[in-house]
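S.K.:
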Amino acid sequence: MPSFQFLHRPKNPLEQGGRNSIPAKPGADDAELSEQCPNCHRQIPLSQLWNDANTCSCGYHFRIRAAQRLALLADHGSFIPEFDGLLGGDPLSFPGYQKKLSATQSLSGSEEGVLCGQVTIGGAPCCIFVMDPYFMMGSMGTAVGEKITRTFELATELSLPVVGYTVSGGARMQEGMLSLMQMAKTSAAVRRHSQAGLFYLTVLTDPTTGGVMASFAMEGDMIFAEPGATAGFAGARVIEQTVRKKLPPGFQTAEFLQAHGFVDAIVPRNEQRAILARLLAMHQKGGVR
Ligand SMILES: [Zn+2]
């Protein structure tokens, strides 16, 4: 079994300048920088993208760092980080993994692929986990699985609902079988939380795939998705090669999944905080507040 280490005291990741801190708003030096929208091909200045929560006016949702997303959702100053500093190590001594992990930590400013903690959203308390697309594409290794499991255990202990934002390329191959184990472990924690009569809402963001999709991402009492998000288990090409059939247009998009009953609602990023606040208020232990 892998051992987990807390390397330093938890620190609020929303503090500017620290690890996991919210990306700084583009300053004057970045005034000329822009990003092209893959949907409408418009050039969008970075400052505007930042102000619009990384969405384009055409409705395209760019990926967003976990800390920035958390800042959009959380009531100001309400986030209490949990399990920060929990690292999984290199259980298989996989060639080059430690080096890649260290480089990713330096580049992303994050320690691992998920942020977890307690928070209030519109005054309603919950436990939350937010996966980070900029940390090895949110891949689930032992630390990610352990942090999410502990988030559910904490929520069960505190009788709180859980909100989970998923983004993942799947299991972290460098941790092999131990990554796959996280599917069963997280699912057991979700089950115990559910048996305690507590509410769990997931929001699938682009892309949610592999072992994450096949475990806690699809275990929410309610499942939301962001517009246009890719979500599915195996890749479309692998499925086509296996079943030897052409897949329908839009397969594995949030919209396709909603039409086929896997997703309850597609909620644009700028509406999520208000909807989450209402749902969380309705689902506090003991009924409507
Ligand atoms: Zn656009």
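Anchor point for the sequence shown: position 90 equals 95 in the numbering used here, and the numbering is continuous, going up by one each time. Cβ coordinates follow ideal geometry from the N, Cα and C atoms, glycine included. Note that the structure is a prediction, hence the values are computed from the model and not measured.
#1: Looking at the structure shown, is I69 part of a helix, part of a strand, or coil, going by DSSP?
#2: Does the structure place the segment 220-239 close enough to the segment 196-207 that three or more beta carbon pairs sit under 8 Å?
#3: Identify every run of the beta strand (DSSP E) within the segment 176-219, keeping only runs that are complete inside it and at least 3 residues long; order them along the chain.
#4: Bridge partners for Y170 per DSSP, in chain order?
#5: Would you list the residues sitting across from V124 in a DSSP beta bridge?
#6: Run the CB neighbour count on Q200, radius 10 Å, all protein chains shown included, and call it buried at 16 or more, exposed below.
#7: Tell me whether A279 is buried or exposed, calling it buried when 16 or more other Cβ atoms sit within 10 Å of its Cβ.
#8: Can you find the residues in the same chain that come closer than 6 Å, C-beta to C-beta, to S83, ignoring five residues on each side of it along the sequence?
#9: Anything with a beta carbon under 5 Å from a heavy atom of ligand 1 counts; list them all in chain order.
#10: Return the residue from the list C132, E158, A194, T171 that minimises the CA-CA distance to G215.
#11: Would you call the CB atoms of F140 and G122 closer than 8 Å?
#12: Spell out the partners DSSP gives V119 in its beta bridges.
#13: Quick check on the DSSP output: the beta strand (DSSP E) that includes S62 runs from which residue to which?
M.R.: Straight from the coordinates:
#1: As a first step, residue 69 is located in the sequence shown; it is residue number 64 there, counting from the start. Coil.
#2: yes
#3: 205-214
#4: On the sequence shown, position 165 is the one that residue 170 refers to. Y170 is bridged to V135, V208.
#5: Residue 124 sits at position 119 when you count from the first residue of the sequence shown. According to DSSP, V124 bridges with C131.
#6: As a first step, residue 200 is located in the sequence shown; it is residue number 195 there, counting from the start. Flag for Q200 reads exposed.
#7: Along the sequence shown, one-based indexing puts residue 279 at 274. Exposed, because fewer than 16 other Cβ atoms sit within 10 Å of the Cβ of A279.
#8: Counted from its first residue, the sequence shown places residue 83 at position 78. Closer than 6 Å at the Cβ level, and outside the excluded window around S83, lie V124, T125.
#9: C42, N44, C45, C61, C63, Y65
#10: As a working mapping, residue 215 is identified with position 210 in the sequence shown. Of C132, E158, A194, T171, the residue nearest in Cα terms is T171.
#11: Position 135 of the sequence shown, counted from the start, is the residue given in the question as residue 140. Position 117 of the sequence shown, counted from the start, is the residue given in the question as residue 122. Cβ atoms of F140 and G122: not closer than 8 Å.
#12: Translated into the one-based positions of the sequence shown, residue 119 becomes position 114. For V119, which the question treats as bridged, DSSP gives the partners M136.
#13: Counting from 1 along the sequence shown, the entry for residue 62 is found at position 57. Counting along the chain, S62 falls outside any beta strand (DSSP E), and DSSP gives it neither H nor E.
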